[in-house]
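Enquirer: So the sequence shown is numbered by the working numbering: it starts at 53 and just counts up by one. Backbone N, C-alpha and C fix where the C-beta goes; we use that ideal spot for every residue, glycine too.
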Amino acid sequence: MRRLLEKQVVDWKDSPRRKPLLIRGARQVGKTWLVENVLAKEFAGFVKVDFEKRRDLHFIFAGELEPRLILNSLELTFGRIIAGKTLLFFDEIQACPRAIMALRYFYEELPELHIVAAGSLLEFAFDQISIPVGRVQYLTMHPLTFYEYLLAMGKDVMAEYAISAPNEADESVQKLILAELRSFFFVGGMPECVKTYQECGSMVETFQVQTEIIDSYRDDFAKYLTRIDPLCLDMVFLNVAKSVGEQLKYTRLNDAGSSQANRKAFDLLVKARMIHKIPACDPSGLPLGATANPKKFKASMLDIGLLQRLCQVPAELELQQENLLAIYRGKLAEQFVAQELLAWHGSELYYWSRDARGSSAEVDFLAVKKGEIFPVEVKSGAGGSLRRRQVRVQK
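1. In three-state DSSP terms, what is Q60?
2. Give the secondary structure of S67 by DSSP, where H, G and I count as helix, E and B as strand, and everything else as coil.
3. Mind listing, in chain order, the continuous alpha helix (DSSP H) runs of no fewer than 4 residues lying wholly within the stretch 155-242?
4. With A351 as the anchor, note down where its beta strand (DSSP E) starts and where it stops.
5. What does a CB cutoff of less than 7 Å around E264 pick up in its chain, not counting 5 residues either side in sequence?
6. Hey, could you find the ends of the beta strand (DSSP E) L338 is sitting in?
7. Name the one or two DSSP bridge partners that H328 has.
8. Using alpha carbons as the reference points, say which of K350, S352, A351 and P331 lies closest to A342.
9. DSSP three-state label for A434, please.
10. Kindly list the residues whose CB is nearer than 7 Å to the CB of G149, restricted to its own chain and excluding five residues on each side of it in sequence; keep chain order.
11. Please tell me whether L39 and I266 are closer than 8 Å, where the distance is taken between their beta carbons.
12. Can V168 and I229 be called in contact, C-beta distance under 8 Å?
13. Just tell me which of Q146, A413 and L162 has its CA closest to the CA of R187.
14. Measuring alpha carbon to alpha carbon, tell me which of L354, K207, R107 and L321 ends up nearest A274.
15. Along the chain, where does the alpha helix (DSSP H) containing L283 start, and where does it finish?
16. Closest by CA to L196, which one among E144, A204 and A135?
17. Output the residue ranges of the alpha helix (DSSP H) runs that lie fully inside the stretch 112-161 and measure 4 residues or longer, sorted by chain position.
18. Within its chain, find whatever has a CB closer than 7 Å to the CB of P346; leave out the 5 residues flanking it on each side and keep chain order.
19. Please look up how many angstroms separate the CB atoms of Q391 and I356, rounded, as I've assumed it's under 8 Å.
20. Thinking C-beta only, is G97 closer than 8 Å to K137?
21. Select from F158, P339 and Q360 the residue whose C-alpha is nearest the C-alpha of A293.
22. In this structure, does DSSP put A419 in helix, strand or coil?
23. Does the pairing of the stretch 249-265 with the stretch 389-407 give three or more beta-carbon distances under 8 Å?
24. Pick helix, strand or coil for V365, following the three-state DSSP scheme.
25. State the DSSP-derived secondary structure class of D108, mapped to helix, strand or coil.
26. Per DSSP, what kind of secondary structure is D102 in: helix, strand or coil?
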């Protein structure tokens, strides 16, 4: 596979402003793969400390967070760690919060050492420690984009068409791209799912992998037992998936839960990066976040493939839909656009919805490029789309 972040991590190695690098993202999006298969190849030596598997090493960070003492202790287990030649990798760093704290001291006292960390559920670890602000560089990893998916499937030329000017391609090329996009709607961008589909070409096998990933996420719910009822968490998770593209109310996310409990479950899923909150805002100026309304929001899921599996979308029927915007009532198309915008353009998404009583005018997403705001419309149907755009222009 090839990932969008490959160039960024390689550039980090030789950057004069280099700080310890912390790669964040949900479980199983490819963080460890990126370090082991791309960045590690740039170094003569590579030392990996997996804090979930090697809990016996947590004691090294229990006392004073003195980088040289930490290195001495690690060398007893892993061998020599040479600044400038060895890449030191702290994997699953959320399992040892004090190792996150140690990153600032590595930056201050051993800046010549190349140290990278990766973790999921990091925001939960941040609750327990003081975050090393200004001492760490962050990268966020997402599931594969459609472009990365095409590269993984060996369709490099089609991938370049898809991200350059697909509207200018011949109709035959456009049909080929749309056929691959239809498959992507169901395979999704989780690396193991893409790998399975690339190797065996079976949707059934791919769906099984998706189910296993969802089950592993649900197993993680047990880690929040002290915070919230996992049954409430599971219901909110499912109902957010079923409601992609719709304005949400906490009370509707779980009939058996209170608004407060549902909100807490929703916020925990956002922190775990399993869902993404998309607030409404007033697009009259930048930054969009300055006018975001936290009480008026939609949400997207981590991955389009996981969404369709979680909702048990009947693939044998929906794959026959000629119009991609019609698949699963347009929800997969809206999830696809949200997922692509997040991966390509940043960590925040917004939409616009008119506040006037009785009005349903809405713009699905607002994209910002070079200081200009662009409305992004996903829904099919010329009439409604045109009305929404006209209202926005008049506003």
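Expert: Let me lay it out:
1. Taking the sequence shown and counting its residues from 1, the one referred to as residue 60 is at position 8. DSSP, reduced to helix, strand and coil, places Q60 within a helical segment of the structure shown.
2. Stepping through the sequence shown from its first residue, residue 67 is reached at position 15. S67 falls in the coil class under three-state DSSP.
3. Here the runs fully enclosed are 174-178, 198-204, 208-215 and 223-239.
4. Position 299 of the sequence shown, counting from 1, holds the residue named residue 351. Taken as a continuous stretch (DSSP letters only), the beta strand (DSSP E) holding A351 covers N345 to M353.
5. For the purposes of this step, residue 264 is identified with residue 212 of the sequence shown, where counting begins at 1. Counting only Cβ-Cβ distances below 7 Å, and skipping sequence neighbours, we find nothing.
6. Residue 338 sits at position 286 when you count from the first residue of the sequence shown. No beta strand (DSSP E) contains L338, which DSSP labels as neither H nor E.
7. As a position in the sequence shown, residue 328 is number 276, starting the count at 1. H328 has S352 as its beta-bridge partners, per DSSP.
8. For the purposes of this step, residue 342 is identified with residue 290 of the sequence shown, where counting begins at 1. Of the listed residues, the one whose Cα sits closest to A342 is P331.
9. Within the sequence shown, residue 434 is the residue found at index 382, counting from 1. In this predicted model, A434 has a pLDDT of only 45, less than 50, meaning its place in the structure is not dependable; the value taken from the coordinates is given anyway. Assigned with DSSP and collapsed to three states, A434 falls in helix.
10. Counting from 1 along the sequence shown, the entry for residue 149 is found at position 97. Looking at the sequence provided, one finds Pro at residue 149 rather than Gly. The beta carbon of P149 sits closer than 7 Å to those of A177, Q180 and I181, all from its chain and outside the five residues before and after it, given in chain order.
11. Residue 39 is absent from the model: the chain starts at 53 and stops at 447.
12. By one-based count along the sequence shown, residue 168 stands at place 116. By one-based count along the sequence shown, residue 229 stands at place 177. Taking 8 Å as the cut-off, the beta carbon of V168 is found no closer than this to the beta carbon of I229.
13. Walking along the sequence shown from the start, residue 187 turns up at place 135. Restricting attention to Q146, A413 and L162, the CA atom closest to the CA of R187 is found in L162.
14. Here residue 274 corresponds to residue number 222 of the sequence shown, with the count starting at 1. When each option's Cα is compared against that of A274, the closest is L321.
15. Position 231 of the sequence shown, counting from 1, holds the residue named residue 283. Following the DSSP letters along the chain, one finds L283 inside the alpha helix (DSSP H) bounded by residues P282 to K294.
16. Locating residue 196 in the sequence shown gives position 144, where the first residue counts as 1. Per the Cα distances, A204.
17. Listed in chain order, the complete alpha helix (DSSP H) runs (minimum 4 residues) inside the stretch 112-161 are 119-130 and 149-161.
18. To locate residue 346, count along the sequence shown from 1; it is residue 294. Scanning its chain for C-beta atoms nearer than 7 Å, with the 5 sequence neighbours on each side dropped, one finds around P346 the residues P331, in chain order.
19. For the purposes of this step, residue 391 is taken as residue 339 along the sequence shown, with counting starting at 1. For the purposes of this step, residue 356 is taken as residue 304 along the sequence shown, with counting starting at 1. 6 Å between Cβ atoms; contact.
20. Against the sequence shown, residue 137 aligns to sequence position 85. Against the sequence shown, residue 97 aligns to sequence position 45. Yes, the Cβ-Cβ distance between K137 and G97 is below 8 Å.
21. As a position in the sequence shown, residue 293 is number 241, starting the count at 1. Minimum Cα-Cα distance from A293 among the listed residues F158, P339 and Q360 corresponds to Q360.
22. Along the sequence shown, one-based indexing puts residue 419 at 367. A419 carries a strand assignment under DSSP once its states are collapsed to helix, strand and coil.
23. The answer is no - the stretch 389-407 does not touch the stretch 249-265, with fewer than three Cβ pairs under 8 Å.
24. To locate residue 365, count along the sequence shown from 1; it is residue 313. It is coil, neither helix nor strand.
25. Reading the sequence shown from its first residue, position 56 is the one you call residue 108. In this structure, D108 counts as helix in the three-state DSSP scheme.
26. Position 50 of the sequence shown, counted from the start, is the residue given in the question as residue 102. DSSP places D102 within a strand segment (E or B) once states are collapsed to three.
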